[in-house]
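Protein chains in written order, with the working numbering: chain U, 1 to 172; chain L, 173 to 287.
Heads up: the structure comes next, in structure tokens.
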């Protein structure tokens, strides 16, 4: 458990207050004041759980650009995988060859690994079951509905596609 | 008129993917494959329906707050859903659920056996 620090409180407060405005969408002074008080209280209590490192490290034009590109890369992968999955489902659900493969991952920190794991889970056809560390390298255990390749590195290239490269650029 | 057609097509695309996912949940052979099919419903299904509803809220209802709420709902479903799917799949595996037909490869079972 770490101490509450001012940049962490400020960034959590900004996110909470933006969310409040989005949900209420009224700009009367009373509502904004109530939202500010509630956001500040939430930020004071919760910021130390959310922000572990530098609070504003993502505020950088290069990172925003990478994030924007990543959204489209991800949507492309999502559409491809969804069409494949829909074809399997409508084709009688017999065309499956499931298995769990262990895939190496090479990303700078825990946030990036969590983001890639969630992206993989969100893509139909692959679910991340676990993350393990072995000899200083991290591995995902991924349940794959159609095991096309049992070699770890090649399977990783097929599953992760271009997503890993762009996530690495966001969090570098 | 053209806008109504675009909205209906988007919602239709979402419904087709939701139907595919639902059929997969019922017909797939084992637990993990059923979970895989269910992700179809809450990715493309949600994105298609939410995009259609977003266009409807902005251009036909003319309500900004409804549009923002729809966007927030879609964003929350998409960010929170994989965490639940991961936890359920891992819990099922740890609880000893295995498919009837042996899997193609099972690296997790092999590594757990070595511990």
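No residue lacks a Cβ here, since even glycine has one placed at the ideal position from N, Cα and C.
Problem - Cα-Cα separation between residue 193/L and residue 30/U, rounded to whole angstroms - result: 46 Å
Problem - chain L within 8 Å of residue 115/U, Cβ atoms only - result: Taking 8 Å as the threshold, the shortest C-beta distance from residue 115/U to chain L does not fall below it.
Handout entry: Where residue 59/U sits in the DSSP three-state scheme
Key = The answer is coil: DSSP assigns residue 59/U none of H, G, I, E or B.
Handout entry: Simplified DSSP state of residue 287/L, which is helix, strand or coil
Key = Residue confidence is low: residue 287/L scores 48 on pLDDT, short of 50, so the model does not pin down where it sits. No coordinate-derived value is stated.
Practice task
Could you please give the first and the last residue of the uninterrupted alpha helix (DSSP H) stretch that includes residue 241/L?
Solution key: Taken as a continuous stretch (DSSP letters only), the alpha helix (DSSP H) holding residue 241/L covers 236-266.
Problem - Close beta carbons around residue 226/L, own chain, < 7 Å, minus the five adjacent residues each side - result: 239, 242 and 243
Practice task
State yes or no: is the beta carbon of residue 186/L nearer than 8 Å to at least one beta carbon in chain U?
Solution key: no
Handout entry: Which listed residue (120/U, 63/U, 47/U and 43/U) has its alpha carbon closest to that of residue 105/U
Key = 120/U
Practice task
Compare the C-beta of residue 95/U against all C-beta atoms of chain L and say whether one is closer than 8 Å.
Solution key: no
Exercise for the section: Check the Cβ of residue 104/U against every Cβ in chain L and list those closer than 9 Å, keeping chain order. Expected result: Neighbours of residue 104/U on chain L: none; closest Cβ ~12 Å, over 9 Å.
Problem - alpha helix (DSSP H) runs wholly inside the region 81-162 of chain U, at least 4 long, in chain order - result: 110-122 and 152-160
Problem - For residue 278/L, the residue or residues it bridges with in DSSP - result: 100/U
Practice task
Drop a sphere of 10 angstroms on the beta-carbon of residue 60/U, count the other beta-carbons inside from all chains shown, and report buried for 16 or more, exposed for fewer.
Solution key: exposed
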